[in-house]
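Okay, structure first, notes after.
In the UniProt record's numbering, the protein residues as written are 1 to 333.
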């Protein structure tokens, strides 16, 4: 079942609702819903409030967003770039028409920009681990690198712990250890392209001599604050001028689906050992960076830290019109 957008319209005539996806400047019509005929007052309290304002016609439509669509993503513009940033966003358009074939015009339509977001899964995947062994020319002795993360799923702003274990049985010396967190953005349009951008990195002068072992935990925290000047960095879609963060990892069940057009984001940690006289050794660990799923309490308007002196009252679709107001209005009549 796809995501739903419940849209309440105060219009008359034939109501047509469209969901539009903007993919790097290209408009794609995703779905359309229409209401033809008599208007139904499906919400008593809301209807009473609108009747009080002499607004009679009320329409309630549910628009189903197709599955497997990418999330709202914006590519960060450069310091000298102007105009609208490239990326993927969604908007709902609603307009009145006399016939189903009539095209919408600005004078009889409204639009609402929305975001499609994904939250972190309740059950994260297994702990990422990787190892590799490197043999060198004219030597039967090898260099073994093993790396792991403390977990597979991270929330934005959370530090990432990288455990590095080196067993150097070779005759070479490890001179430095480089660790970087990289963002990969797959641009899936009529042709595909992939862009990678480091969002956090460490270069340590930790040396591992021949016939010795080394073990250390490195900590990196990828954030947008340290990457605001990087052109083309994928960010989570935002509304108006509010701040955002690095783009969340994209979870797509069926990558081959033709509906998946947009920016698909993934992250990896790269560990590189700089070895004397060449022959560097490196491995990569994929991980997931996402927002936590909101709890029921965070979705309610009563999340203020101030104590509630009175019991909560239910609200309808008009936030400032409560059931208590509705009862008082009926008493007045």
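For each residue, glycine too, the CB sits at the ideal point set by N, CA and C.
As the structure is a computational prediction, the values presented were derived from the model and not from experiment.
Would you call the region 65 to 85 in contact with the region 219 to 236, where contact means no fewer than 3 C-beta pairs closer than 8 Å?
yes
State the start and end residues of the unbroken beta strand (DSSP E) segment that holds residue 262.
On the chain shown, position 262 is the one that residue 262 refers to. 262 to 275 is the span of the beta strand (DSSP E), which, as asked, contains residue 262.
Determine the closest residue to residue 89 out of 70, 250, 197, 282, with distance taken between C-alpha atoms.
Working through the chain shown from its first residue, we reach residue 89 at position 89. Out of 70, 250, 197, 282, 70 has the C-alpha closest to the C-alpha of residue 89.
Give, in chain order, every unbroken run of the alpha helix (DSSP H) that is at least 4 residues long and sits entirely within the UniProt domain "Arrestin C-terminal-like" (139 to 294).
none
Per the contact definition of three or more C-beta pairs closer than 8 Å, is the region 151 to 162 in contact with the region 95 to 107?
no
With H, G and I counted as helix, E and B as strand and the rest as coil, what does DSSP make of residue 133?
For this step, residue 133 is matched to residue 133 along the chain shown. In the structure shown, residue 133 sits in a strand (DSSP, three-state: E or B).
Buried or exposed, going by whether 16 or more other CB atoms sit within 10 Å of the CB of residue 250?
For the purposes of this step, residue 250 is taken as the residue at position 250 of the chain shown. The residue is buried, with at least 16 neighbouring Cβ atoms inside 10 Å.
Can you list, in chain order, the residues of its chain whose CB lies under 8 Å from that of residue 336, leaving out five sequence neighbours each side?
The question about residue 336 has no answer, for the chain in this structure spans 1 to 333.
Boundaries (first-last residue) of the beta strand (DSSP E) holding residue 89:
As a first step, residue 89 must be located in the chain shown, where it is residue number 89. Run containing residue 89: 87 to 97, per the beta strand (DSSP E) assignment.
From 220, 137, 183, pick the residue whose C-alpha is nearest to that of residue 235; which is it?
If you number the chain shown from 1, residue 235 lands on position 235. Nearest C-alpha to residue 235: 183.
Could you check where the beta strand (DSSP E) with residue 75 kicks off and where it finishes?
By 1-based counting over the chain shown, the position of residue 75 is 75. 73 to 75 is the extent of the beta strand (DSSP E) around residue 75.
Residue span of the beta strand (DSSP E) that contains residue 112, given as start and end:
The count along the chain shown starts at 1 and reaches residue 112 at position 112. Where residue 112 is concerned, the enclosing beta strand (DSSP E) stretches over 109 to 114.
Can you give me the C-alpha to C-alpha distance between residue 185 and residue 238, rounded to a whole angstrom?
Against the chain shown, residue 185 aligns to sequence position 185. Against the chain shown, residue 238 aligns to sequence position 238. Each residue's alpha carbon lies about 18 Å from the other.
For my contact list, residue 166 and residue 208 are in at a C-beta cut-off of 8 Å; report their separation, rounded to the angstrom.
Translated into positions along the chain shown, residue 166 becomes position 166. Translated into positions along the chain shown, residue 208 becomes position 208. About 5 Å separates the two Cβ atoms, so the contact holds.
Please check the pair residue 273 and residue 137, which I expect to be a contact at CB under 8 Å, by giving their CB distance rounded to whole angstroms.
In the chain shown, the residue the question calls residue 273 occupies position 273. In the chain shown, the residue the question calls residue 137 occupies position 137. Actually they do not touch by this definition, with Cβ atoms about 17 Å apart.
Quick check on this structure: which residue in 195, 122, 282 has the alpha carbon closest to the alpha carbon of residue 288?
The residue you call residue 288 lines up with position 288 of the chain shown. With distances taken between Cα atoms, residue 288 lies closest to 122.
To which residues does DSSP link residue 117 through a beta bridge?
Here residue 117 refers to the residue found at position 117 when the chain shown is read from its first residue. Residue 117 pairs with nothing; no bridge assigned.
Look at the Cβ atom of residue 265, then the Cβ atom of residue 247, and state whether they are nearer than 7 Å.
Sequence index remark: in the chain shown, residue 265 carries index 265 (1-based). Sequence index remark: in the chain shown, residue 247 carries index 247 (1-based). Going by C-beta atoms, residue 265 is nearer than 7 Å to residue 247.
Just to confirm, are residue 163 and residue 217 a CB contact at a threshold of 7 Å?
Residue numbering aside, residue 163 sits at position 163 when the chain shown is read from its first letter. Residue numbering aside, residue 217 sits at position 217 when the chain shown is read from its first letter. In contact: residue 163 and residue 217 (Cβ atoms closer than 7 Å).
Rounded to whole angstroms, what's the CA-CA distance from residue 169 to residue 143? Just pull it up for me.
Here residue 169 refers to the residue found at position 169 of the chain shown. Here residue 143 refers to the residue found at position 143 of the chain shown. Straight-line Cα distance between these residues: approximately 6 Å.
Residue closest to residue 181, alpha-carbon to alpha-carbon, out of 116, 64, 267:
The residue labelled residue 181 in the question sits at position 181 within the chain shown. Selected option, being the one with the closest Cα: 267.
I need the straight-line Cα distance from residue 211 to residue 171, nearest angstrom please.
If you number the chain shown from 1, residue 211 lands on position 211. If you number the chain shown from 1, residue 171 lands on position 171. Computed Cα separation, rounded: 7 Å.
Just to confirm before moving on: does the CB-CB distance between residue 94 and residue 110 stay below 7 Å?
The sequence position of residue 94 within the chain shown is 94, counting from 1. The sequence position of residue 110 within the chain shown is 110, counting from 1. Cβ distance < 7 Å, so residue 94 and residue 110 count as in contact.
Taking its Cβ as the centre, do 16 or more other Cβ atoms sit within 10 Å of residue 293, making it buried, or is it exposed?
Within the chain shown, numbered from 1, the residue matching residue 293 stands at position 293. Exposed: under 16 other Cβ atoms inside 10 Å.
Only counting the same chain, and skipping five residues up and downstream in sequence, which positions put a Cβ closer than 6 Å to that of residue 245?
Your numbering for residue 245 matches position 245 in the chain shown. The residues are 156, 224, 236.
Select from 173, 222, 112 the residue whose C-alpha is nearest the C-alpha of residue 213.
Taking the chain shown and counting its residues from 1, the one referred to as residue 213 is at position 213. It is 173.
For residue 92 and residue 112, the rounded distance between their alpha carbons:
Working through the chain shown from its first residue, we reach residue 112 at position 112. Working through the chain shown from its first residue, we reach residue 92 at position 92. Spanning the two alpha carbons is a distance of roughly 5 Å.
In whole angstroms, what separates the C-alpha of residue 192 from that of residue 262?
Position 192 of the chain shown, counted from the first residue, corresponds to residue 192. Position 262 of the chain shown, counted from the first residue, corresponds to residue 262. In a straight line, the C-alpha of residue 192 is about 10 Å away from that of residue 262.
Thinking residue 285 and residue 147 are a contact (beta carbons under 8 Å), I'd like their distance in whole angstroms, please.
Mapped onto the chain shown, residue 285 falls at position 285. Mapped onto the chain shown, residue 147 falls at position 147. Contact holds; Cβ gap of about 6 Å.
Applying the criterion that 16 or more other CB atoms from any shown protein chain within 10 Å of the CB defines a buried residue, is residue 87 buried or exposed?
Reading the chain shown from its first residue, position 87 is the one you call residue 87. Per the 10 Å Cβ criterion, buried.
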